[in-house]
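Have a look at the structure below, then the notes.
Chains as they are written, first to last, in my numbering: chain H, 3 to 491; chain F, 52 to 341.
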């Protein structure tokens with residue numbers, strides 16, 4: 003531009019300096035030059051306008067790209083699976099994402115601007131505090147701190163475990179803290195479950211040991227009781243004759259010997275004192291009952307051994323016997339609330355299964371049945387329900403029914419009962435694992451089926467069907483018997 | 052139909068010549084990339100910058116030109132990004148091409164009235180003059196006119212470098228009554244416009260640039276949109292030759308009536324252009340440096 007102006011100035015200078023016939027020619031040329039330079043100016047102006055427009059367009063495009071990038075980042079942050087909360091250096095919440103809102107039960111407007119401390123319970127049970135963790139400097143160099151477990155407080159006041167990792171972010175001159183929150187309620191629950199399972203497992207092993215210890219003395223008590231029973235039978239005629247003797251002996255007819263008479267008299271007194279007749283009658287009964295009790299002990303011990311046996315071997319098993327064992331072990335749960343009816347098919351073929359696992363399933367179902375009845379008869383102790391066990395063969399399947407007259411399962415939760423952690427029992431009573439495990443054992447491990455039908459306040463029937471063929475499908479039980487049992491797995 | 056293909060030392064056929072040019076990387080790779088990026092409507096300043104940054108010497112040279120008095124920029128330009136922002140893709144492309152092409156002229160060669168530095172001076176002058184004409188005709192693509200002027204005689208330098216013996220003969224046989232093209236055709240069987248156009252095609256130069264190279268002695272033969280640009284180059288070529296900046300020696304040139312008609316130039320216009328050219332070339336002195 004400057005150059006063109008200076009051009010023009012020199013032109014005007016030339017015009018002023020020209021004269022004569024030369025002047026005419028010069029004037030036309032100067033006219034031309036002015037036109038030329040104006041045209042050049044126009045072209046330059048147009049091209050500049052164009053260039054400026056292009057530059058603006060470019061800048062706008064870049065701005066749009068940046069905005070898009072920002073939107074993407076925001077979307078990622080907002081929809082992240084973990085809760086993300088940022089606070090300023092004083093601990094005031096700057097931003098929260100959807101997951102964090104959901105986790106703590108607030109709307110984001112309710113949180114932004116508030117102090118982070120509203121997310122912490124007043125009384126905490128963990129060594130680390132959410133607020134301290136959030137505002138602690140974290141690792142040097144601004145990297146994220148190692149995640150630690152703290153407690154969070156929802157809007158409704160409930161406290162829940164959170165895993166929190168924080169990082170310090172420098173934005174320009176300011177410093178903000180970003181925290182990534184993960185609700186670890188489920189994980190904690192699982193950890194508890196695992197601990198419980200491990201405890202149960204060790205108790206099972208202990209029980210197997212105890213059962214063995216009890217077995218030995220029970221054995222010789224039973225032997226001795228049986229011996230006493232036998233000898234008493236043999237002793238009985240002696241005692242009975244003695245009884246007759248005492249009855250017949252009167253002072254009149256034992257006159258012949260003074261000493262004998264005295265002895266008889268003493269014997270009569272003794273017999274009277276101990277109630278000889280009664281003893282003769284009661285001792286056999288007492289022994290009989292002792293034997294019954296011992297048999298019960300032996301049975302319990304055997305069932306415990308069977309159930310707690312850690313063996314995971316697949317083997318042919320008598321389902322009726324497994325049910326009996328489960329009933330015995332669960333006796334304490336049902337004996338006051340229900341009578342048990344057993345309708346076992348006598349000709350049930352053995353089923354290739356893992357007996358320990360099947361036992362666990364039956365045990366669960368029996369205990370559930372007992373609980374259902376107890377819940378229904380809650381207010382009327384002494385009222386007894388019924389648990390009915392049925393077994394039968396259905397083609398290549400064995401069908402087991404466990405029916406109770408309990409409270410039943412409400413239709414709206416029927417679809418959920420096999421879900422892990424789903425429980426209707428109060429906290430601490432049920433883990434919500436029993437039926438989930440039962441389903442996994444029957445359906446996944448044994449390729450069987452587990453179904454139920456239920457009517458509220460009438461009762462529930464669980465039906466377990468197990469294939470008689472082994473779970474592998476190819477080896478039938480008959481083939482299994484022919485082959486080496488170890489290979490049958 | 053040249054069945055009697057007699058052996059002519061130093062006079063390769065056009066195909067042979069093109070193969071030789073193709074074998075040796077005549078122009079630096081970066082120059083060809085710059086051309087591609089600058090002619091692609093989807094390219095951005097960032098693309099051009101990325102390409103040019105590969106060649107530090109080239110970038111330095113371009114920046115030196117940008118900061119020369121020709122552009123009279125108020126601020127000192129220190130990086131390519133800034134340069135592109137100030138001057139636009141096309142001007143930077145032209146500067147980059149000028150810098151690249153100048154490499155071909157570095158090694159001085161003098162044959163009679165022909166010298167490589169002379170040819171170089173001619174090319175830059177024609178570029179400047181063609182741009183000037185285009186601007187004064189209010190053509191928006193005046194920067195393309197510069198590039199056409201700069202490269203219009205690319206065929207000559209290629210003949211010089213790749214068919215030297217034949218080229219030497221051409222220079223020696225130049226006569227005032229014969230045009231350069233006629234002399235070339237007499238000796239080689241083809242002329243430098245044909246060589247230039249074929250090479251430009253091989254280098255994937257844009258269509259209008261190829262047209263300017265092909266028809267810069269014959270605007271009338273050019274059909275289509277490029278005709279205006281071709282006319283600028285042809286006219287600029289004649290103006291420069293008459294002003295004593297010829298491609299080589301003294302040879303016969305005439306104003307092309309077709310070109311002057313397309314551009315609607317009068318005698319006065321041409322006189323003014325010829326007069327103003329000196330000042331323009333003076334401003335762009337940096338471009339002439341080898």
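Cβ coordinates follow ideal geometry from the N, Cα and C atoms, glycine included.
Neighbour flag for residue 294 of chain F against chain H, beta carbons, 7 Å
no
Would you check if the distance between the CB atom of residue 87 of chain H and the CB atom of residue 102 of chain H is smaller than 7 Å?
yes
In the structure shown, what three-state DSSP assignment does residue 399 of chain H receive?
strand
Let me know if residue 336 of chain F comes out buried or exposed under the rule of 16 or more other beta-carbons within 10 Å of its beta-carbon.
exposed
Is the beta carbon of residue 444 of chain H sitting closer than 7 Å to the one on residue 450 of chain H?
yes
Unbroken alpha helix (DSSP H) runs of length 4 or more, entirely within the region 318 to 405 of chain H: which are they?
321 to 331, 333 to 336 and 357 to 378
Is there contact between the region 197 to 205 of chain F and the region 282 to 289 of chain F, where contact requires at least three CB pairs shorter than 8 Å?
yes
Rounded to whole angstroms, what is the Cα-Cα separation between residue 176 of chain H and residue 169 of chain H?
14 Å
Cβ of residue 440 of chain H within 7 Å of Cβ of residue 363 of chain H?
yes
Use the C-beta contact count for residue 127 of chain H: other C-beta atoms within 10 angstroms, 16 or more gives buried, fewer gives exposed.
exposed
Rounded to the nearest angstrom, how far is the Cβ of residue 410 of chain H from that of residue 459 of chain H, given a contact under 8 Å?
6 Å
Inter-residue CB distance, residue 347 of chain H and residue 393 of chain H (contact presumed, cutoff 8 Å):
5 Å
Give me whichever residues DSSP pairs with residue 90 of chain H in a beta bridge.
H:178
At which residues does the alpha helix (DSSP H) containing residue 217 of chain F begin and terminate?
215 to 224
Listed in chain order, which residues of the region 308 to 327 of chain F have Cβ atoms closer than 9 Å to some Cβ of chain C?
The chain labelled as chain C is not found among the protein chains of the depicted structure, namely H and F.
Would you kindly work out how many angstroms separate the C-alpha atoms of residue 168 of chain F and residue 32 of chain H, rounded to a whole number?
34 Å
Could you name the residues of chain F that residue 42 of chain H contacts, counting a contact when the two beta carbons are closer than 7 Å?
186 and 187
From what residue to what residue does the alpha helix (DSSP H) around residue 139 of chain F run?
131 to 153
Chain F partners of residue 38 of chain H, CB-CB under 8 Å?
187, 320, 323, 324 and 327
Applying a beta-carbon distance threshold of less than 8 Å, which residues of chain F neighbour residue 60 of chain H?
95 and 96
Taking the alpha-carbon positions, what's the residue 447 of chain H to residue 328 of chain H distance?
20 Å
Hey, quick one: how far does the alpha helix (DSSP H) through residue 283 of chain F stretch, first residue to last?
278 to 293
Quick check on residue 178 of chain F - is its C-beta less than 7 Å from some C-beta in chain H?
no
Contacting residues, own chain, Cβ-Cβ under 6 Å from residue 293 of chain H (five flanking each side not counted)
227
Could you check the C-alpha separation between residue 54 of chain H and residue 61 of chain H for me, to the nearest Å?
10 Å
Where residue 59 of chain H sits in the DSSP three-state scheme
helix
Residue 352 of chain F and residue 146 of chain F look like a contact to me (Cβ under 8 Å); what is the Cβ gap, rounded to whole Å?
Because chain F here runs from 52 to 341, residue 352 of chain F falls outside it and cannot be looked at.
Along chain H, which residues have their Cβ under 7 Å away from the Cβ of residue 139 of chain F?
53
Closer than 7 Å by C-beta to residue 241 of chain H: which residues in its own chain qualify, once you throw out the five before and the five after it? Chain order, please.
282
Considering Cα atoms alone, identify which of H:89, H:268, H:386 and H:239 is closest to residue 132 of chain H.
H:89
Going straight from the alpha carbon of residue 66 of chain F to that of residue 239 of chain F, what length do you get?
12 Å
For residue 491 of chain H and residue 350 of chain H, what's the separation of their Cα atoms in angstroms?
Here residue 491 of chain H scores only 33 on pLDDT, less than 50, and its place in the model should not be relied on; the value that follows carries that caveat. About 22 Å.
Would you please state the rounded distance, in angstroms, between the beta carbons of residue 151 of chain H and residue 134 of chain H? I believe it to be under 8 Å.
Rounded, the Cβ-Cβ distance is 13 Å, inconsistent with contact.
How is residue 222 of chain H classed by DSSP in three states: helix, strand or coil?
helix
Cβ of residue 28 of chain H within 7 Å of any chain F Cβ
no
In whole angstroms, what separates the C-alpha of residue 209 of chain H from that of residue 374 of chain H?
27 Å
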